[in-house]
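Q: Have a look at this one before I ask anything.
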Amino acid sequence: MDTKELSHTRVNQPQETDPVFFYPKEFYVFDNFSSFQVEYDGYLWATSEHAYQAKKFKDTSPEVYDKIKHTRSAHDAQKVANENKSVQNPNWNTVKKEVMKEILRNKINQHPYVLKKLLQTGTREIIEDSWRDATWGWGPNKEGKNLLGALWMELRDEYKEKP
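Mapped onto the numbering used here, the consecutive letters of the sequence shown carry residue numbers 790 to 952.
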């Protein structure tokens, strides 16, 4: 391999300072729409998005909870939840981060591959590169809260410390 080819190879390899984005295939496992079933709250959900959206209605609308449980896709689960905001848990904004963290922890515990990918991120920043969501992702101007990425990083730190 000549020097020119070698330097090109180095440039394309991720550095410890490069952020990890959800949407390239390599780290799509962090997205709630990824196809990893999650056992949560006594039920096996098709995706972590299903579990999260349904939890909004567990105590306030069993009908919506069940409807989300049986949706075909994460997108459909989100759509049903958005259509029924008027009957979701009135304290949802207070508890949503902890609910999400618990669901993500279950996803990690139930899927060794997810844990492997999480630990592969090292100390890199994890970013949900969603231009639509400035709360869970980085939003349209890349200045969003990135709460989902932050939760993954918190969990990564917890799992790094486990033997």
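Idealized CB from N, CA, C, for every residue including glycine.
Rounded to the nearest angstrom, what separates N882 and F816 at their Cα positions?
A: Against the sequence shown, residue 882 aligns to sequence position 93. Against the sequence shown, residue 816 aligns to sequence position 27. About 27 Å.
Q: Which of the three DSSP states is assigned to Y841 in this structure?
A: Position 52 of the sequence shown, counted from the first residue, corresponds to residue 841. Y841 falls in the helix class under three-state DSSP.
Q: Following the continuous alpha helix (DSSP H) through Y817, name the residue where it begins and the one where it ends.
A: Counting from 1 along the sequence shown, the entry for residue 817 is found at position 28. Here Y817 belongs to no alpha helix (DSSP H), and DSSP marks it neither H nor E.
Q: For V865 and Q826, I'd like the C-alpha separation in whole angstroms.
A: Here residue 865 refers to the residue found at position 76 of the sequence shown. Here residue 826 refers to the residue found at position 37 of the sequence shown. Position check: residue 865 holds Asp in this sequence, whereas Val was assumed. For D865 and Q826, the distance between alpha carbons rounds to 16 Å.
Q: Using a Cβ-Cβ cut-off of 6 Å (strictly less than) and excluding sequence neighbours within five positions of L907, which residues of its own chain qualify?
A: Here residue 907 refers to the residue found at position 118 when the sequence shown is read from its first residue. Same-chain partners within the cutoff: R945.
Q: Could you compute how far the alpha carbon of W941 sits from the alpha carbon of I915?
A: The sequence position of residue 941 within the sequence shown is 152, counting from 1. The sequence position of residue 915 within the sequence shown is 126, counting from 1. So the two alpha carbons sit approximately 7 Å from each other.
Q: Are the region 895-913 and the region 858-873 in contact at 8 Å, needing three or more beta carbon pairs?
A: No contact exists between the region 895-913 and the region 858-873.
Q: Would you mind stating whether G926 and E917 have Cβ atoms separated by less than 8 Å?
A: Against the sequence shown, residue 926 aligns to sequence position 137. Against the sequence shown, residue 917 aligns to sequence position 128. It is a contact, given that the beta carbons lie within the stated cut-off.
Q: Suppose only complete runs of 3+ residues qualify. What are the beta strand (DSSP E) ranges in the region 831-903, listed by chain order?
A: DSSP runs (the beta strand (DSSP E)) wholly in the region 831-903: 832-834.
Q: Applying the 10 Å Cβ sphere with the 16-neighbour rule, what's the burial state of K951?
A: Position 162 of the sequence shown, counted from the start, is the residue given in the question as residue 951. Classification for K951: exposed.
Q: Using 8 Å for Cβ pairs, my map puts T912 next to N878. What's the rounded Cβ distance?
A: Taking the sequence shown and counting its residues from 1, one reaches residue 912 at position 123. Taking the sequence shown and counting its residues from 1, one reaches residue 878 at position 89. With 8 Å as the limit, T912 and N878 do not qualify as a contact, their Cβ atoms being about 35 Å apart.
Q: Y829 by DSSP, collapsed to three states: which one?
A: On the sequence shown, residue 829 is found 40 positions in, with the first residue counted as 1. Y829: strand per DSSP, three-state reduction.
Q: Quick one: residues in its chain with C-beta nearer than 7 Å to the C-beta of D807, no 5 flanking neighbours on either side, listed in chain order?
A: As a position in the sequence shown, residue 807 is number 18, starting the count at 1. Taken in chain order, the residues that qualify are R913.
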